[in-house]
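A.B. asks:
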Amino acid sequence: MSELLRVEDLRVYFYTYAGVVKAVDGVSFTVRKGEVFSIVGETGCGKSVTARAITKLIKPPGRIVGGRVLFEGRDLLKLSEKEIRRIRGKDIAYIYQDPSSSLDPLYTSGYQIAETITVHNPGTKLKNALKKAIEILRDVAIPDPVKRARNYPHELSGGMKQRVVIGISVSNKPKLIIADEPTTSLDVTVQAQVLDLLQELRKKYGTTIMLITHNLGVVAEVSDRVMVMYAGKVVEIADVYTLFTNPLHPYTRGLLSAVPNPLEKIDEIKPIPGFVPDMINIPRGCRFRPRCSYATQRCLREPPLIEVEPGHLVSCWMYTGGDE
Ligand SMILES: Nc1ncnc2c1ncn2[C@@H]1O[C@H](COP(=O)(O)OP(=O)(O)OP(=O)(O)O)[C@@H](O)[C@H]1O
Ligand SMILES: [Mg+2]
Numbered sequence: 014m015s016e017l018l019r020v021e022d023l024r025v026y027f028y029t030y031a032g033v034v035k036a037v038d039g040v041s042f043t044v045r046k047g048e049v050f051s052i053v054g055e056t057g058c059g060k061s062v063t064a065r066a067i068t069k070l071i072k073p074p075g076r077i078v079g080g081r082v083l084f085e086g087r088d089l090l091k092l093s094e095k096e097i098r099r100i101r102g103k104d105i106a107y108i109y110q111d112p113s114s115s116l117d118p119l120y121t122s123g124y125q126i127a128e129t130i131t132v133h134n135p136g137t138k139l140k141n142a143l144k145k146a147i148e149i150l151r152d153v154a155i156p157d158p159v160k161r162a163r164n165y166p167h168e169l170s171g172g173m174k175q176r177v178v179i180g181i182s183v184s185n186k187p188k189l190i191i192a193d194e195p196t197t198s199l200d201v202t203v204q205a206q207v208l209d210l211l212q213e214l215r216k217k218y219g220t221t222i223m224l225i226t227h228n229l230g231v232v233a234e235v236s237d238r239v240m241v242m243y244a245g246k247v248v249e250i251a252d253v254y255t256l257f258t259n260p261l262h263p264y265t266r267g268l269l270s271a272v273p274n275p276l277e278k279i280d281e282i283k284p285i286p287g288f289v290p291d292m293i294n295i296p297r298g299c300r301f302r303p304r305c306s307y308a309t310q311r312c313l314r315e316p317p318l319i320e321v322e323p324g325h326l327v328s329c330w331m332y333t334g335g336d337e
């Protein structure tokens, strides 16, 4: 599979009154064409900031202070606001947690899909875009799409709203969909339907999906590869099977044993002791050190992210082959 996105040494800092929050601090990864690439990690570890920085959606006091985001070989961070706007919504689309906040209460669902189409395809007549919107509503499995196209967001259920949001995001056949907790606000059955829908759209259009979720069951079910983040850093990247069967980083292991493992039966559920560090006073060296039961003197130095077997990257001194 060829590479669609390559993020290199991305750094996003927030300059707050209390100090500098290094929300994303040297994050590197690649996303291959057509895969589902998931990002997991505890709250505040920098998942959403990473996702938003890809299309420069970082507002003050935040600033992208370093790195490159190569999308089909082009560095998006170098583009002007006008150029990046053409990519956002067309080549790269976002789906957020709360569908209500992505929809405009004043316009019908059909109109909102049609508008995205006309914005990115100047010259398309609204009438034709509206027809296309109905097809898209059908694609996202909304019953009675002709009628639903005329509905305003408040006339739709939460699950239907999220389908409309997905409809908007796929309306221009994006190459990459970034879904940030797309199912969190939905009930369990609707969550499953929305995930199935994303999978179907991927099959139909070959869309690449970057999925951010807390739900490791979902990750195990839908991902090809998984990246684990901790306190603004990547701690481990592996294909989904390897990650769940042979997690290496103590944080990944903790994360997996903090919930019932979806692939293996385990009898003991141990939460990770301690808390995510204060992002202003980040621990020296390995950021997981204060919570890690394997920590030694060498962990006062920052571990590099190294490939321990093909496609399996981990950032922990235990796997570098170095001395104590
Ligand atoms: N506007 C902001 N000002 C200051 N700090 C911010 C701002 N936005 C994000 N941060 C900080 O950046 C860090 C990363 O936040 P981010 O939203 O990426 O976390 P996350 O991994 O997506 O968490 P969650 O799972 O809760 O969504 C956090 O420590 C957060 O407090
Ligand atoms: Mg988030």
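Taking my numbering, the leading residue of the sequence shown gets 14, the next gets one more, and so forth.
Backbone N, C-alpha and C fix where the C-beta goes; we use that ideal spot for every residue, glycine too.
Small disclaimer: the values here were computed from a predicted structure and weren't measured.
1. With DSSP as the reference, label Lys72 as helix, strand or coil.
2. Compute the Euclidean distance between the alpha carbons of Leu224 and Glu213, then round it to the nearest angstrom.
3. Specify, as a first and last residue, the run of the beta strand (DSSP E) that Leu224 falls within.
4. Using a 10 Å radius around the Cβ and a threshold of 16 neighbouring Cβ atoms, would you call Pro135 buried or exposed?
5. Thr43 bridges to which residues according to DSSP?
6. In chain order, which alpha helix (DSSP H) runs of at least 4 residues are fully inside the segment 83 to 124?
7. Between the segment 310 to 326 and the segment 292 to 299, do three or more beta carbon pairs fall short of 8 angstroms?
8. Quick check: what's the CA-CA separation for Val207 versus Ile108?
9. Relative to ligand 1, is the shortest distance from any of its heavy atoms to the C-beta of Lys40 smaller than 6 angstroms?
10. Could you tell me the distance, in whole angstroms, from the CA atom of Arg45 to the CA atom of Glu16?
11. Between Gly123, Ile181, Thr121 and Asp88, which has its C-alpha nearest Thr68's C-alpha?
12. How far does the alpha helix (DSSP H) with Arg238 in it reach, from first residue to last?
13. Helix, strand or coil: how does DSSP classify Val25 here?
14. Is any non-hydrogen atom of ligand 1 found closer than 6 angstroms to the C-beta of Ala146, if you look at the structure I gave you?
15. So is Leu199 in contact with chain D if we call contact Cβ pairs under 7 angstroms?
16. Of the choices Ala127, His325 and Cys305, whose alpha-carbon is the least far from that of Asn259?
17. Would you call Phe288 buried or exposed, if buried means 16 or more other Cβ atoms sit within 10 Å of its Cβ?
18. I'd like to check one pair, Tyr26 with Arg76: are the Cβ atoms closer than 7 angstroms?
19. Identify, in the order they occur along the chain, each residue of the same chain with its Cβ nearer than 6 angstroms to the Cβ of His262, setting aside the five sequence neighbours on each side.
C.D. replies: Reading from the atomic positions:
1. coil
2. 15 angstroms
3. Thr221 to Ile225
4. exposed
5. Arg19
6. 94 to 100 and 112 to 115
7. yes
8. 11 angstroms
9. Position check: residue 40 holds Val in this sequence, whereas Lys was assumed. No, Cβ of Val40 sits at least 6 angstroms from all heavy atoms of ligand 1.
10. 4 angstroms
11. Asp88
12. Careful: Arg238 lies outside any alpha helix (DSSP H), inside the beta strand (DSSP E) at Arg238 to Tyr243.
13. strand
14. no
15. Annotation note: the requested chain D is absent from the structure, which comprises a single protein chain.
16. His325
17. exposed
18. yes
19. Val248, Glu249, Val327 and Cys329
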